[in-house]
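Sequences listed follow chains A and B, in order. For our numbering, count along the first sequence from 1 and bump the result up by 157. Anchor point for the second sequence: position 97 equals 77 in our numbering, and the numbering is continuous, going up by one each time.
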Amino acid sequence: SQTIHQWPATLVQPVGSPLSLECTVEGTSNPNLYWYRQAAGRGLQLLFYSVGIGQISSEVPQNLSASRPQDRQFILSSKKLLLSDSGFYLCASARDSNTGELFFGEGSRLTVL
Amino acid sequence: DQQVKQNSPSLSVQEGRISILNCDYTNSMFDYFLWYKKYPAEGPTFLISISSIKDKNEDGRFTVFLNKSAKHLSLHIVPSQPGDSAVYFCGGGSQGNLIFGKGTKLSVKP
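As structure tokens, then:
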């Protein structure tokens, strides 16, 4: 079965600082990968998804970006964080594209001060 | 525009009784629907899914019902247990993507 590693688990950053969250997937090849954010009152919001190396689709316009430099690596970045970027970020990998089932990582808690 | 809506932010149920979590959607192109359970500071875990061509799927204490004409689905948990206390997310999607609602926090009281 798949295993998803996310780091760092917790991050406190000042407004205007850069961000890099990393996600790696084991136990599968060529997975569809996703970044979700859970913020207060907003549920699980899909931010980005990727169907392959270098292929990124953005669901929500914002100051975040994503990259997929390797098949099983997905990175979420920002050049300048905003207060509104605070939240719980989750990386996910598709288990079955026909059923939509996803495996989620343990998440990264970002607090922007 | 919210494609998936969970209008009840919270639900409290007595242990042993039935928990019914509701979800509405607007996108008639969804091919599948899923329910996830989430504890604080953890990633969501998959509970149960249903294809858009089905109207019911059952797995142990969990049953999901789909009413396509009403664009409504529900998750039934019976009997409810204190360990079921968590936030439940309803999701709908197609072609590998999944859009979630805002979640419903279920509290099961002993």
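Built from N, CA and C at the ideal position, the CB exists for glycine as well. Since we're looking at a predicted model, the values are computed, not measured.
Three-state secondary structure assigned by DSSP to residue i
{"i": "PRO226 (chain A)", "result": "strand"}
{"i": "ASP4 (chain B)", "result": "strand"}
{"i": "SER158 (chain A)", "result": "coil"}
{"i": "SER241 (chain A)", "result": "helix"}
{"i": "GLY63 (chain B)", "result": "helix"}
{"i": "GLU22 (chain B)", "result": "coil"}
{"i": "THR167 (chain A)", "result": "strand"}
{"i": "ASP11 (chain B)", "result": "coil"}
{"i": "GLU263 (chain A)", "result": "coil"}
{"i": "LEU78 (chain B)", "result": "coil"}
{"i": "ILE57 (chain B)", "result": "strand"}
{"i": "GLY73 (chain B)", "result": "strand"}
Check whether residue i and residue j have beta carbons under 8 Å apart
{"i": "ALA223 (chain A)", "j": "LEU233 (chain A)", "result": "yes"}
{"i": "ASP4 (chain B)", "j": "SER74 (chain B)", "result": "no"}
{"i": "SER65 (chain B)", "j": "SER87 (chain B)", "result": "yes"}
{"i": "LEU247 (chain A)", "j": "GLY257 (chain A)", "result": "no"}
{"i": "ARG225 (chain A)", "j": "GLN159 (chain A)", "result": "no"}
{"i": "VAL269 (chain A)", "j": "LEU238 (chain A)", "result": "yes"}
{"i": "ASP35 (chain B)", "j": "PHE26 (chain B)", "result": "no"}
{"i": "LYS85 (chain B)", "j": "PRO(-11) (chain B)", "result": "yes"}
Rounded Cβ spacing between residue i and residue j (contact assumed at less than 8 Å)
{"i": "LEU267 (chain A)", "j": "GLY244 (chain A)", "result": "6 Å"}
{"i": "THR43 (chain B)", "j": "HIS56 (chain B)", "result": "5 Å"}
{"i": "PRO90 (chain B)", "j": "PRO62 (chain B)", "result": "5 Å"}
CB contact below 8 Å: residue i versus chain E
{"i": "THR185 (chain A)", "result": "Although the question refers to chain E, the structure presented lacks it and instead comprises the protein chains A and B."}
Partners in chain B for residue i, counting only beta-carbon separations shorter than 7 Å
{"i": "PHE261 (chain A)", "result": "GLY23, PRO24"}
{"i": "TYR246 (chain A)", "result": "Near TYR246 (chain A) there are no residues of chain B at all, since even the closest Cβ is about 10 Å away, more than 7 Å."}
Amino acids of chain A, ordered along the chain, whose beta-carbon sits closer than 9 Å to that of residue i
{"i": "TYR12 (chain B)", "result": "ASN255, THR256, GLY257, GLU258"}
{"i": "GLY169 (chain B)", "result": "Summary: the structure shown does not reach residue 169 (chain B), with chain B confined to residues -19 through 90, and so no result is reported for it."}
Cβ shell of residue i (< 7 Å), same chain only, five flanking positions each side left out
{"i": "THR181 (chain A)", "result": "HIS162, ARG229, GLN230"}
{"i": "LYS39 (chain B)", "result": "Checking the sequence shown, residue 39 (chain B) turns out to be Asp, not Lys. Correct list, in chain order: ILE28."}
{"i": "SER177 (chain A)", "result": "ILE232, SER234"}
Same chain only: Cβ atoms within 8 Å of residue i, ignoring 5 sequence neighbours per side
{"i": "PHE80 (chain B)", "result": "VAL(-16), TYR16, PHE69, CYS70, GLY71"}
Under 9 Å by beta carbon: chain B residues contacting residue i
{"i": "ARG229 (chain A)", "result": "The premise fails here: ARG229 (chain A) is roughly 16 Å from chain B at the closest Cβ pair, so nothing lies under 9 Å."}
{"i": "ARG266 (chain A)", "result": "ALA21"}
Chain A contact residues for residue i, given Cβ-Cβ distances below 8 Å
{"i": "SER29 (chain B)", "result": "THR256, GLY257, GLU258"}
Neighbourhood of residue i by C-beta distance below 6 Å, restricted to the same chain and skipping five residues each side
{"i": "ASN2 (chain B)", "result": "SER54"}
Within chain B, the residues that residue i reaches when beta carbons sit closer than 8 Å
{"i": "ALA251 (chain A)", "result": "GLY76"}
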